[in-house]
Structures are given as C-alpha cells and as structure tokens.
Amino acid sequence: MQEKYLFSEIESKWQKQWVDRKDYKADDHSDKPKYYALAMFPYPSGNLHMGHVRNYSIVDVIARYKRMMGFNVLHPIGWDSFGLPAENAAIKNQTPPAEWTWKNIANMKRQLQEMGISYDWDREVATCHPDYYKFTQWMFLEFYKHGLVYKKKAAVNWCPSCATVLANEQVVDGACERCDTEVTKKDLEQWFFKITDYAQVLLDDLEKLKGWPEKVKTMQKNWIGRSEGTEVEFSVENREDKIRVYTTRVDTIFGVSYVVLAPEHPLVQELIAGTEYEQEVQSFISRMKGLNEIARTSTETEKEGLFTGAYCLNPYNGKKVPIWIANYVLFDYGTGAVMGVPAHDERDFEFAAKYNLPIKTVILPEGTPAVEKDAPLQAAFTGEGIMVNSGEYDGLKNMDAWDKMSAQAERDGFGERKVNFRLRDWLISRQRYWGAPIPMVYCDHCGIVPVPQDQLPVILPDDVVFKAGENPLTSSESFKQTTCPTCGGKAFRETDTMDTFMCSSWYFLRYTDPQNNKLPFSKEAADQWMNVDQYVGGVEHAILHLLYSRFFTKALRDFGYLKVDEPFENLLTQGMVCLGGAKMSKSKGNVVSPEEIISKYGADTARLFILFAAPPERDLEWSDQGVEGCYRFLNRVWRLAAQYEDVLKGQPSNETAHLQNRNFGELDKAAKDMRRQTHQTIQRVTSDIGVRFNFNTAVSSIMELVNALYLYKEQSNVNVAAAGEAMESILLLLSPFAPHMSEEIWSELGHEESIHSREWPKVDESALVQDEVTVVLQVNGKLRERIQVPAQISAEELEALVRSLPKLVEWIQGKEIQKVITVPGKLVNVVVK
RNA sequence: GCCGAUGUGGCGGAACUGGCAGACGCACGGGACUUAAAAUCCCGCGGUCCUUAAAGACCGUACCGGUUCGAUUCCGGUCAUCGGCACCA
C-alpha cells in the first residue's frame, strides 16, 4: 500500500471501473428481494450544489447498504430538464434551450460520477428528450380519455415576469414561486387536470403512509382542506332566483342577519341592474378586480362590503335578509355565497359591527340562564351550547340541532349536506416553449381533437423566435399548421406546453422500464419494482410534486396500468445545507462549491462530512473545519490499514463467509474487549443505517472502533485474528460512506472482488457476552459509585453485595434503608429516609 | 388564529425501552516528536465551591409544576425559535 492517502488517483480509478463494469446495474430478473432507492431527480441548472450532495449521499449509503444486505437494488437517476431557466438563458444568450440544457446535463453527470454515487446509468432519463416527453403526452391523452382533463375559461394566476399562467400550488404568498413577482389574475381558457376527483382518496390514503413524516402529511391534509357542511337555498325576494349558501354551521342559521355574495357572482349583476345601487356596486366590483388575490383576501385586509339593495328569505323562518357583496367572499370556493351570523362567527361579528348589522344570539353556553339570551355580546361565541331564538330547535344541544336542521333542509328540499375541498383542479397549461407540447389540435370542422397516441411525440420545433413576454411556439408556423387527425382538413396545434410537474409526476415509473418505446412502462416492470421503498428529497416538494405523483399513481392504477396506488412507501425529507445560519444560496453569496471540496479533499471526505455533521432531517451547518476533521479521520483509517497490511494479507481468505471461521485461539481480556467492541459497532451501525437513518451516529461509532483499534495495537500481546477482524469490519462498515477508499484498501489487501458486493458483516452474539459489567450505585437517585460485578449476578446477590459495602454507611449517613431497587447489569438504587 | 417541529457545553451533535447527561467530531489549552514548522501521537476541556494534592460536594438538558426509587426522556402549563396553512364560510 502507498504510504500516503492519494484520494484523487484512487477515486478516479474506481469511478471508471464501477461505470465500465456496470457494477450497480439493477437486475430485472433476480431471485433476490427488490429494493427501490430514489432521490428526487435534479433540474440541470449547470452545477451540483451541496443540497444535491447531501441528497445523493444519503440515498447512496442506503443503496450500497441494501446491496450488501442481499437486495436487488434499483438506484436510478435522471434529469427534470424542461423548465423556464433554459428559456430565460436562451433569451439572454441566444442559445437554444436544448443546447443549454444538454450541456448542463453533461457537466452535472460528470460531477455526479465524481461523487462515486452507485447509479444504474443505463436507466438515466431526461424529461426533455422526445423518447420521454412522448409519454408525458401519452399521459395527458390517457387522462383525457378517462375524463380527467378539461379545458375551461377561468380567472387564473398569471405571472407577468414569466409570462405564463401558474397552478395554485405555484403561488406562494401571492407571488410566483419561481421569480417572486406578484401574481395577477387573468381570464383565460386553460387545460385542467381533475385532481379534485381524487381529493377524498388522496386525503384518506395519507393514513396508509406510515413511513412519511407527520409534517408532510399534515401539509397535504391542510392543502386538500376537507370541510363538512350544508348547502342551503335562500330565495331572492320578488324574483325567481335562489342563492345557494354553503355553511359549516347550519345550527346558527336563525341568527343570520345578512347574506354575502362574492363580487364576481353573476347574480350580482342581475340584482342591481337598473337600481339606484347599480353605479356604486359596479365601482366597488371594478375596484376589487384591480386588486390581487392576496391584497383582497389576506387576514390582515380590512373587511369591506356593500349593500346591493336586494333581499332574500331565510328558508327556516321566512325572515327578510339583506344581500351584500364583500371582498372576503371567494367566488371559487363553495357556492361563492355565504351567510353572515355575527353572534357566532368572529369574522361576521367584525363585519356586523362595522356596518351596524343586527347581532342575534342563537346559541348560549350550557348553564347560562335563559333570561340572558338577548344580552348584547362583546365578542362572537363560537363554542358549543344550547339553542335559543331558533323556533322548534330551542333547547337542543347545537350539535344535535345541526343534524336535525340539515335533515330538515333535505326533507323540505331547500338544501343538503355537502362536503367541500379547498383543493382546486390542477392548471397544467403554460404559455412557454421549453416543455412538452400539449397533444391537441383545433379543427374548424371537428373542434378540439386529441392527437392519436400512436402519432406521438408531438415534437417541439426549433424554428422559433425567443422574445420576452411571448410564447415562442406561436412563432413557429411549421408547428402550428397541421392537419386534423379526424377529418384530414386544415387544423392548428395547441401552442401551450405542459407544466413541468407533469413530467415529474411519473418519472419514478419510467425508471422501471426506461427503454420501452411502446408504453411509458410495462405493467410487469412497474409491478416488479414499485413502490419506491425509500424516497429522499427536500421538504419544499411536500405539496406540489408529492401530491401530483400520488394523484398520477392512483389514476394509473384505476386505468389498470399498475398494482400499487401509492408511489412512495417511505419518505425522508432532508434538511437544508446552511452556512452562517442561512441556507446556502447564490443570492446570499454563502455557497461552498462541491467541486472545490472534492478537488481539495476528495469525494469520500465530502460524503462523510455531510453525513456526519447532522442527522438527515435536520438542517446542517457547513463547517470547513469539520470537513478537515473527516479528512483527518480517513487518513487515520488509511494509516491503520497500512500498518495491518501484512497481517491481513497473511490471514486465511474469507471470500465466501466474512469473518466466519477465524481462528482466534486463546483470547485474553484485551482481545475479548476488542472483539466485543467490533461486534457492538457492527450491531450499532447496522441499526443506524437500516432502521434509524442516523448516519451521523453510525459514523461516530466507526470512529470509536478505529480509536479502539489504535489503542489495541499498542498491546504487548496483540491477537492478530481479533485485530484483523476489527480492521475488516471497519472497512466494510465504512464502505457505504467512503466507497472509494474502502474499495482501494480492500483490493490492496488482495481481494479480487469489490468490497461493495460483499456481504454486510454479521454480529457474533458470543463476542458480545461479558464476564464482568459495571453497575451504577445510587443513593436516592444520586450517583455514588460504579462497581464491577460478574455479569450473571442475580438481583438478590447484587443487593446483598451492595448492603455489605463498607462505604454504604457513609453514603446513607445514618438514615434508614427503605428499599433497594436493582436493575441487573445496570444499576442499584438505595432508597433511604 | 390553527396545525406541525425544535429548544442539551464555546460550536455541530450523542444519550435507542424512564436508569452513568455531554459519546463522536470541531474549536481551545497543555505536552511529546522536530533545529523549526507542518503532519502525527498523548493528556485536559459544562458551571460553582472546596482542597497542598488525590479526591470530593453542589448545581446543570428553555422555564414552572406533576408522576416516579429515579425524568433530557412521560404528563400538565408557560416562553422562545423555525416551518406550513390562513377571511375556505
């Protein structure tokens, strides 16, 4: 072995071998149990950042560990390569988006290989390749066939800077998720996916996801936002029209003092036409339209409303109720109309106080004397209680009244129980070039016609002009002009492309059958590999990507293409990589480049540090000195191995059964201790990687074993077999973390086969057995002494031993012993008074 | 406002099922080796007090309280920080 640890030579040598020999190829026909390990695929921005390094190092440790545990592992990678940055770069540098993207992919692929991640490169995919997006288009058509895609005109989110519409999920605090520009509303005809058809099952099945963080499930639950209530009809006075109102508190309906419509509600126009209120109401509406959604509907915005001059009738008591419009009512939730019950809703209370509307109590807290039922309220009472001022329902508990009143609405035909969701349909069209074209054609004769699936892909053209603020596809005549697939007449292609989240909603399925050119994947391949056993990525995808992927998987299962209905069995959301307390980012200027670290210390050091510095879910604070520490540790391992080289080479070969059948001969205490620590470490690292995902503690216990072996070799009488066993264990346990170095040492020690194809070390239970153990002696719970006792000692013997200790008198200070608690092998607590 | 996390030395973090708080690493201090430096190796490293020293005592896991022989761990409350949702009727 070289005296010095030359990481650069070692790493490039093995990286080349692993790729050339296809060491990490997943086997489609294997007897071993399968394991699918997946990191969220990257957008090819140009360079890997530390967040990538963390993500891929975590998954690589899992993949390498599972391989050594005897699994047939699928560990693929690909590129989420459609999207705006490529197009923006095209406008800026006059380079075609494809060229920019493929150049970035090549560079990042090289960087990934320099990290030594064990990917099956034969399954690499790129969503911008026609062989891939052909099937994204196929998905669109398949969903269309099943009635889950429709086109409608709606007030949609528009990002003026990106010049495209956005999905609700891509609007964060009223701004574009990507560029932070304030989002406006535009009335446009757009393509939607009917994710709301799956709202209930997407919610219910969160229960099944035992391996997902609670946090992510809660976020999805909030986003789906199920609410149970009642829809009730108020008829408009002197008109045929009815106003349907959605409420979760039908029990308060005798307390209604007004009904509010959203300003966009079409009935408003009819109610005010030709009345004295018309002008004022119109100017209110146009003012509301000028505001963006956040400014209009944030909790901080003051409630604003206006009387329309019209009245409607409460179906429960026939009372006249004024009709208002107000900023806070959303047109696209529920029915776009709500009832106002100031006494029992905080928001309505505030509104009524401002506009001097009546506040009528209809529920009293239990135990309130009935004489107080008309006492003025200081605030809305939103709790449970007893019904008053509510006709035949007086005296009931309000929850019972809720049931009975809903039943009455259904019986008398003026309403019904109703479930509403916050989740809206997914808007997938984008007015941009660098995405998968929507495979639809407009024919004067036949209308909207889908492109037949066997004519895919609809190829993205390259004769386009890039201009800021314009969809480049509209500039390509060769693309737009086509013939109708149905009648063969003149027709035009849809020029919108698909949201890139479409591409990423099924990529994990493509990996199971990446070469298939008939279908996105075969049922056999998908059923063999799915689900993803372990998915790892950032929490920023908690809603968008993870919800859409669940939707796709469920729909494809319903179409018959799959067995599973949840894509990701276990999910790990890794923390951010920070420097100076803030997430590393170009804009903050606090980035450390992975390339720089790798060239200075090597990939093994980079991987080791990023796994050692914090548990994976937590944010990680970057530390240059911490990196140095890991580099020192690897050098320490190297020197240790170099010193043991001759010893290990002289050992009988253990190619078939690791560490078995060693001849240890007579073991003295130090040798026994060495063996015990070796096997304790194996036990610990196995559970830290396989069960707890605490890679940081796995690394630290390997460090402890290295430290122990350094001390052991200073012994006068070193047991060569025990030391050899420790050294080999260190290499095997370290191999998922530092794959290059462990491979190099392994091969230097004369092994022909890769260390990564070896079996994971097994715990020798007999080595864990101790003759003597340290027991803690406490008096009233306070630590007094540690004593060495035989490991097999019984509780009675232990108590007797402690009672006979001469020093005990001193500790109990003349007090009387009440009882003695013994935990064999651990502790004795003497309770005195 | 609602929901979810988190809170331990100078720092990153450990303590797995209620049983030795601070593993491992970083930083720092001291020593060995060296002409010197780097590298390496060894020792120390939560606080306060006491002692010539060895040793010892007390306090200490955000704060207050509870359960328990025993609480970083369980329960109740408070505070702080972070994240998500937020006029969804």
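188 is the number of the first residue of the first sequence in my numbering; add one for each residue after it.
All C-beta atoms, glycine included, are put in the ideal place defined by N, C-alpha and C.
Neighbourhood of residue i by C-beta, 7 Å cutoff - its chain only, sequence neighbours within 5 removed
i: S593; result: T417, V437, R604
i: L647; result: P624
i: I278; result: F653, A655
i: P272; result: S232
i: A982; result: T1009, P1011
i: G572; result: I550, L551, P552, E553, N585
i: L353; result: N344, C346, C363, V370
i: T495; result: V455, L458, I459, Y464, V468, I510, W511, I512
Distance between beta carbons of residue j and residue i, contact taken as under 8 Å
i: F924; j: L807; result: Rounded, the Cβ-Cβ distance is 15 Å, inconsistent with contact.
i: V960; j: L985; result: That belief does not hold up - the Cβ atoms of V960 and L985 are roughly 10 Å apart, past 8 Å.
i: V171; j: V370; result: A query on residue 171 cannot be resolved here, the shown segment of the chain reaching from 188 to 1020 and no further.
i: T687; j: L660; result: With 8 Å as the limit, T687 and L660 do not qualify as a contact, their Cβ atoms being about 15 Å apart.
Close-in-space but distant-in-sequence residues of the same chain around residue i (CB under 8 Å, 5 per side omitted)
i: T569; result: H531, D532, E533
i: L846; result: At L846, the pLDDT of 47 sits below 50, so the modelled position is not reliable; the number obtained from the coordinates is stated separately. Taken in chain order, the residues that qualify are E912, E915, S916, P948, K949, D951.
i: L896; result: L827, M861, A910, A913, M914, I917
i: F882; result: I245, V248, L798, F799, P802, P803, D875, I876, F924
i: E424; result: A497, Y498, C499, L500, K507
i: Q202; result: Q300, E301, G303, H927
i: Q1005; result: V1018, V1019, K1020
i: D791; result: F194, E198, G303, L821, F924, A925, P926, H927, M928
Cβ pair residue i, residue j closer than 8 Å
i: R973; j: V989; result: no
i: H236; j: M763; result: no
i: I304; j: D247; result: yes
i: T302; j: P229; result: The sequence shown places Met at residue 302, rather than the Thr named in the question. For M302 and P229, no; Cβs fall outside 8 Å.
i: K338; j: W289; result: no
i: I382; j: L610; result: yes
i: G265; j: K219; result: no
i: A513; j: K490; result: yes
i: T522; j: R598; result: no
i: W825; j: M326; result: no
i: K408; j: L396; result: no
i: V312; j: R697; result: yes
i: M685; j: R737; result: no
i: A769; j: P781; result: no
i: F608; j: G412; result: yes
i: D392; j: S691; result: no
Spatial neighbours of residue i in its chain, beta-carbon cut-off 6 Å, leaving aside the 5 residues before and after
i: G789; result: F194, E198
i: M188; result: A829, E832, E935
i: F322; result: P707
i: G398; result: E756, N757
i: Y223; result: L261, W716, V719, D720
i: C765; result: D806, E808
i: F601; result: E420, P502
i: P639; result: P672
i: K372; result: A342
i: E842; result: Unreliable positioning characterises E842 in this predicted model, as indicated by a pLDDT of 42, which lies under 50. The coordinate reading is nonetheless provided below. For E842, where only same-chain residues beyond five positions count, there are no Cβ hits under 6 Å.
i: E451; result: F518
Closest residue to residue i among the options (Cα-Cα distance)
i: G724; options: W201, N242, Y230; result: N242
i: E946; options: T434, Q469, R251, W205; result: R251
i: P563; options: S268, D214, W589, P529; result: P529
i: W410; options: S887, H728, E997, E489; result: H728
i: F538; options: P556, Y515, T555; result: Y515
i: V751; options: L759, T760, K741; result: K741
i: D129; options: M685, K969, D612, S903; result: Within the shown structure, residues of the chain are numbered from 188 to 1020, placing residue 129 beyond reach of any answer.
i: K404; options: I999, L759, L995; result: L759
i: I190; options: I932, V1019, K1006; result: In the sequence on display, residue 190 carries Glu and not Ile. Comparing Cα positions, the closest option is I932.
i: T351; options: L375, R823, P556; result: L375
i: N658; options: W621, A285, T865; result: W621
i: P400; options: V525, L583, L821, Q761; result: Q761
message = For the stretch 732-745 against the stretch 228-242, do three or more pairs of beta-carbon atoms, one drawn from each stretch, fall closer than 8 Å, so that the two count as touching?
response = no
ask   = Do three or more CB pairs link the stretch 573-584 to the stretch 421-441 at distances below 8 Å?
value = yes
task = Could you say if the stretch 357-368 and the stretch 309-325 meet the contact criterion of at least three C-beta pairs nearer than 8 Å?
result = no
message = Taking contact to mean 3 or more Cβ pairs, one atom from each stretch, closer than 8 Å, check whether the stretch 734-749 and the stretch 329-347 are in contact.
response = yes
request  = Evaluate contact between the stretch 417-429 and the stretch 633-645, counting only Cβ atoms and requiring at least three cross-stretch pairs below 8 Å.
outcome  = no
Cβ pair count under 8 Å reaching 3, the stretch 536-552 against the stretch 444-456 = yes
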